[in-house]
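Asks: One structure coming up, written as structure tokens, with questions to follow.
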Amino acid sequence: MIGEKKLREIGLKALELAGKADLKVTILSTVSNLTRFARGEIHQNVSENNTELTLSYIQDQKMGISSTNDTSKLGVEKALSNARTIAQLMPVNPYLPDLPEPQIYHTVNSVSESTIKASPEDRAVIVGRAVQKAKARRVEAYGALTTEVLELCIMNTKGLKAYFPFTRSEFRIICLQEGGSGYGETVNAGLDKLDIIKISDEAITTCLNTLNPQSIEAGEYDVVIKPYATSDILQMLSYLSFNGKAAEEGRSYIKMKMGQQVASPLVTIYDDNQNHLGMPIPFDFEGLAKKKIPLIERGIAKGLVYDSFTAKKAGVEPTGHNLPATFAYYGALPSNLFMDAGEFSLEEMIKSVEKGVFVTRFHYTNPIDPVKAVITGMTRDGTFLIENGRTVKPIKNLRFTQSYFEALEKVEMVGKERSLIPLGFGASLVPALKIKGFKFTGVTEF
């Protein structure tokens, strides 16, 4: 780690050059290590160490942004000059928000020594365990193990100073054998907290159970979806509807239906930066303290997340969900998503289905109708036919065209166990779901 003192010294170089302008300094230091494997062998081992400085220069209601990873005095001066020039060329923006004053942040700890100290040899040993389990069952394993050590430092000319170190470890595996496939992924601040053997076993078993898949007709089926698919639903709705920019542009279904029923009473979704399970960061990329935001509460539309820009246009307080400058065009997005657990095991949900489909995950999902969140996508890496409360055979992947809001309205059962799925700099903690009448519109040959 570079440390708070050195990062602030970099920030001060820029602030001292700001003159009468307002200036925000964002510094993100990243040490990222990747071990990628294919066909049961490590084929790529990469390490990247980068410190990126982003300057937001504001004067006369105009803003210019410039980034660099040259943090020398000359590099900072050049970045500031670029930001100033860009600002001078920009039109006046009457909705440009003021820089935030100093904040009080909730105390969280997202640093793990096991992630910081992990060597290439350590990652190789961990990957080797997963690969050997796959080889023992004649399955080819593909995937990656990533460890990251990050430091986020934000300062501005209003006196705001924010610093937060955090770590993350991610593991992803895809298992293949003669047309069968299985999938697993997990994330945690600590490498030692990843249950890689469990995730690998699930992917291997799913792969072997999907050999020789059969075709079924498209149509409406009751479905049981694993947390991977649930996470896709929440992530897509975050972009399309929980987003203050979507509300500003008149395309947020949640905004239109605020206070009304938009999902089953079994569904409660919220963004919570104070829960350590979601791998929180206490402030956003503007330095604003994050707030816990209810999004859907017992099926009722309750809230949205706002960055500084969309909040000013809407005349509301920002919720602490500014993104990095390079992703600001998305608007505000939740980064610590939670869905409340229910009462049922995965087996109990499957047992309740007379005829339906079991889905491991969704793939290549894209919106057709952004307002109603009508999404088209595919099932992937473990799709099974359910009959009389049992998974009876693997089936070929299906294409669906389905409103995710309508799917949430038709949730009949919620799993009692939740899985942590990667989500930007954070994570989503979500359960499996049973959904009635999910719309499959096409079949595949694989």
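Sequential numbering from 1 applies to the sequence shown in UniProt numbering. The beta-carbon is built from N, C-alpha and C at its ideal position, and this holds for glycine as well. Predicted model only: the values in this text are computed from it and were never measured.
By alpha-carbon positions, which one of V125, P102, P394 and Q214 ends up nearest to G159?
Replies: If we check each option's Cα against that of G159, P102 comes out closest.
Asks: To the nearest angstrom, how far is the alpha carbon of V131 from that of E41?
Replies: If you take the alpha carbons of V131 and E41, they lie about 8 Å apart.
Asks: Check for me: the alpha helix (DSSP H) holding R8 runs from which residue to which?
Replies: Counting along the chain, the alpha helix (DSSP H) containing R8 begins and ends at E4 to L15.
Asks: State yes or no: is the C-beta of D222 within less than 9 Å of the C-beta of F438?
Replies: In this structure, F438 lies closer than 9 Å to D222 by Cβ.
Asks: Note down, one range per segment and in chain order, each alpha helix (DSSP H) of at least 4 residues found wholly within the stretch 27-76.
Replies: None, since the stretch 27-76 contains no complete alpha helix (DSSP H) of that length.
Asks: Between Y253, G250, V359 and E412, which has its C-alpha nearest K393's C-alpha?
Replies: It is V359 whose Cα lies nearest to the Cα of K393.
Asks: What are the start and end residues of the alpha helix (DSSP H) that includes P120?
Replies: Counting along the chain, the alpha helix (DSSP H) containing P120 begins and ends at P120 to A136.
Asks: Please go through the same chain and pick out, in chain order, the residues whose beta-carbon is closer than 7 Å to the beta-carbon of V371, but skip the five residues on each side of it.
Replies: Same-chain partners within the cutoff: R251 and Y253.
Asks: Please list the terminal residues of the continuous beta strand (DSSP E) segment that includes S169.
Replies: S169 -> beta strand (DSSP E) spans K161 to Q177.
Asks: Taking M349 as part of the alpha helix (DSSP H), name the residues at either end of that continuous run.
Replies: Start and end: L346 to K351.
Asks: Assuming V127 and L145 make a contact with CB atoms under 8 Å, what is their CB distance in whole Å?
Replies: That pair is a contact at about 5 Å.
Asks: Decide if the stretch 176-187 is in contact with the stretch 63-81; the criterion is three or more beta carbon pairs, one per stretch, under 8 Å apart.
Replies: In short, these stretches do not touch, since the Cβ pair count stays below three.
Asks: Report yes if the CB atom of residue 460 is closer than 9 Å to the CB atom of A341, and no otherwise.
Replies: As shown, the chain starts at 1 and ends at 446. That puts residue 460 outside it, with no answer to give.
Asks: According to DSSP, F384 sits in a beta bridge with which residue or residues?
Replies: BP columns for F384 point to F358 and P394.
Asks: Determine the burial state of T26: buried for a count of at least 16 other Cβ atoms within 10 Å of its Cβ, exposed for fewer.
Replies: That one is buried.
Asks: Quick one: what's got a C-beta closer than 7 Å to L234's C-beta in the same chain, skipping five residues either side?
Replies: Here the set comprises I269, L337, M339, S428 and V430.
Asks: Assign L304 to one of three DSSP states: helix, strand, or coil.
Replies: L304: coil per DSSP, three-state reduction.
Asks: Please give me, in chain order, every unbroken run of the beta strand (DSSP E) with length at least 3 that falls completely inside the stretch 397-440.
Replies: Whole beta strand (DSSP E) segments, 3+ residues: 398-403 and 411-423.
Asks: Measure from the C-beta of P120 to each C-beta in chain D and report whether the shortest distance is under 9 Å.
Replies: Of the protein chains in this structure there is only one, and it is not chain D.
Asks: Restricting to Cα atoms, I'd like to know which of D232, M256 and P227 is closest to S241.
Replies: For the residues D232, M256 and P227, the minimum Cα distance to S241 belongs to M256.
Asks: Determine which residues share a DSSP beta bridge with Y105 and list them.
Replies: DSSP, once it has assigned bridges, lists no residue as partnering Y105.
Asks: Could you check if T85 is buried or exposed, using at least 16 other CB atoms within 10 Å of its CB as the buried criterion?
Replies: Exposed is the call here.
Asks: How many angstroms separate the CA atom of T310 from the CA atom of I296?
Replies: Spanning the two alpha carbons is a distance of roughly 20 Å.
Asks: Check this for me: beta carbons of K142 and L176, under 9 Å apart or not?
Replies: The sequence given here has Tyr at residue 142, not Lys. For Y142 and L176, yes; Cβs fall inside 9 Å.
Asks: Based on Cα-Cα distance, which residue from G382, G426, E9 and K13 lies nearest to I225?
Replies: Cα-wise, what sits closest to I225 is G382.
Asks: Where do the N-terminal and C-terminal ends of the beta strand (DSSP E) with S114 fall, by residue?
Replies: Taken as a continuous stretch (DSSP letters only), S114 belongs to no beta strand (DSSP E), being part of the alpha helix (DSSP H) at E113 to I116.
Asks: Over what stretch of residues does the beta strand (DSSP E) that includes I211 continue unbroken?
Replies: The question names Ile, but residue 211 is Leu in the sequence shown. That residue, L211, is in no beta strand (DSSP E); it is neither H nor E in DSSP.
Asks: Using 10 angstroms around the beta-carbon of Y306, count the other beta-carbons present and answer buried if the total reaches 16, otherwise exposed.
Replies: Classification for Y306: buried.
Asks: Which of the three DSSP states, helix, strand or coil, is assigned to P227?
Replies: Correct three-state label for P227: helix.
Asks: Does the distance from the CB of L152 to the CB of F285 come in under 9 Å?
Replies: Their beta carbons are under 9 Å apart, which means L152 touches F285 by this criterion.
Asks: Taking the beta carbon of D232 as the centre, do at least 16 other beta carbons fall within 10 Å, making it buried, or is it exposed?
Replies: Its Cβ being crowded by 16 or more others within 10 Å, D232 is buried.
Asks: Nearest to L53 by CA position, among E9, T210 and P91, is which residue?
Replies: The candidate whose alpha carbon is nearest that of L53 is E9.
Asks: How big is the Cα-Cα spacing for M349 and I368?
Replies: So the alpha carbons of these two residues sit roughly 29 Å apart.
Asks: Can you give me the start and stop residues for the alpha helix (DSSP H) that E248 sits inside?
Replies: Start and end: G244 to E248.
Asks: What ranges does the alpha helix (DSSP H) occupy inside the stretch 278-328, keeping only unbroken runs of at least 4 residues that lie completely in it?
Replies: Complete alpha helix (DSSP H) runs here, min 4: 308-314.
Asks: Under a three-way DSSP split, which group does Y95 fall into?
Replies: Note: Y95 maps to coil in three-state DSSP.
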